[in-house]
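Using the numbering used here, the first residue of the sequence shown is number 39, and each one after it goes up by one. Note that the Cβ used here is the ideal one computed from N, Cα and C, for glycine as well. If you're wondering where the values come from, they're calculated on a predicted model, not measured in any experiment. Notes follow once the structure below has been shown.
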Amino acid sequence: MPQLTTDPPEVAAPSAPQPPRRRWENRNLVRDILEVLALAFALYIVIALALQTVRVEGDSMVPTLRNNDLLFADKLSYHLHAPDRGDIIVLKPPDEPNRDFIKRIVGVPGDTIEIDGHYSSNGRQRAAVLIRPAGASGFQVLKEPYLPDQTKDPWDEMTFCCDAGGRATTEPQPLVIPKDDYFVMGDNRNRSRDSRFIGLIPRNNVLGRAWIRIWPPGRLGFLGPGPSLAAALLPLPLLGLRRRRQLLAALRRRG
């Protein structure tokens, strides 16, 4: 006998119409592409405003920098603070505004600076940069670990400074660096066209701070230690009479 069932047969519910998806997906794709392009453009603007690539030409910064080294220079930080002693900077020389130089800041505004080619240290004479920072009572000698080996390549060119504009002289002469001016030098002192030639560098001529080498790969990295100040050995009784009078007169004039 056939079996009967009282359950009605299952009827499939009609499916809701599906919206077209291709147009919606295309809109999302276009929006994502536009967002990526906008982000890339904004990132490019930030990098362009903050960083500059600089290629070294010449040997004035040997051994710290060598010819054809490629560097990143930071153009933003000097809008937030003043340049510091020891910074390696990109600058426009006052006498050649269409060129870029790369040098190291040695003297900052308020410093009294002097270069003495007959400075006595450890029983021998050598050229040295002497600094009296603003507010200090006496001169200090600038310790510069980045200079070439002085036993093999001693600094013996333009070893006296400075005149009223910051240029080299024929004997030691102290100079107070004015506000917004900087005294710069190349690390390769015998082969550098720096403040001893071109004078003090105005703040507006400083373009940025070089802080990392990106080429060649074997020398990739930061640019090494800067200078420090140490007590200068300047016992007045041991100085020549003329030198002693010059130093005392300069200190009295500059307070």
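The ligand ZN heavy atoms versus the CB of residue i: any closer than 6 angstroms?
| i | result |
| --- | --- |
| GLY203 | Of ligands this structure carries none, so the ligand ZN is not represented either. |
Go ahead and label residue i buried or exposed: buried means 16 or more other beta carbons lie within 10 angstroms of its beta carbon, across all protein chains shown.
| i | result |
| --- | --- |
| PHE139 | buried |
| PRO132 | exposed |
| PHE177 | buried |
| PHE260 | exposed |
| LEU276 | With a pLDDT of 41 at LEU276, under the threshold of 50, the predicted position of this residue should be treated as unreliable, and no value is reported. |
Going by C-alpha to C-alpha distance, which of the options sits closest to residue i?
| i | options | result |
| --- | --- | --- |
| THR197 | ALA174, LEU75, TYR184 and ILE151 | ILE151 |
| PRO255 | CYS200, ASP107, LEU67 and ALA88 | ASP107 |
| LEU103 | ALA269, PRO265, TRP253 and LEU72 | TRP253 |
| GLN211 | ARG234, SER230 and PRO192 | ARG234 |
| GLU209 | GLY155, ALA76, GLY145 and ARG241 | GLY155 |
| LEU238 | LYS130, GLY161, GLN90 and THR91 | LYS130 |
| ALA120 | ASP232, ASN105 and VAL146 | VAL146 |
| GLY246 | ALA76, ALA270, MET99 and ASP125 | ASP125 |
| ASP219 | LEU168, ILE236 and ARG227 | ILE236 |
| ALA174 | SER98, LEU267, GLU73 and ILE71 | LEU267 |
Three-state secondary structure (DSSP) at residue i?
| i | result |
| --- | --- |
| VAL68 | helix |
| VAL74 | helix |
| PHE110 | strand |
| TYR184 | coil |
| GLY256 | helix |
| SER266 | strand |
| ALA88 | helix |
| ARG93 | strand |
How is the beta strand (DSSP E) around residue i delimited, first residue to last?
| i | result |
| --- | --- |
| ILE140 | 139-145 |
| ARG164 | 162-170 |
Give the straight-line distance between the Cα atoms of residue i and residue j, rounded to the nearest whole angstrom.
| i | j | result |
| --- | --- | --- |
| GLU95 | THR207 | 27 angstroms |
| VAL244 | LEU67 | 45 angstroms |
| THR43 | ARG65 | Below a pLDDT of 50, predicted positions are generally treated as unreliable, and THR43, at 48, falls in that range; no measurement from the model is reported. |
| LEU185 | ALA78 | 41 angstroms |
| PRO263 | ARG142 | 12 angstroms |
| ASP149 | ARG231 | 21 angstroms |
| ASN105 | ARG69 | 46 angstroms |
Please list the terminal residues of the continuous alpha helix (DSSP H) segment that includes residue i.
| i | result |
| --- | --- |
| SER159 | It is not in any alpha helix (DSSP H) - SER159 instead sits in the beta strand (DSSP E) that spans 150-159. |
| ILE250 | Segment 244-253 is the beta strand (DSSP E) holding ILE250; no alpha helix (DSSP H) there. |
| SER175 | Where SER175 is concerned, there is no enclosing alpha helix (DSSP H), given that its DSSP letter is neither H nor E. |
| ARG234 | 233-236 |
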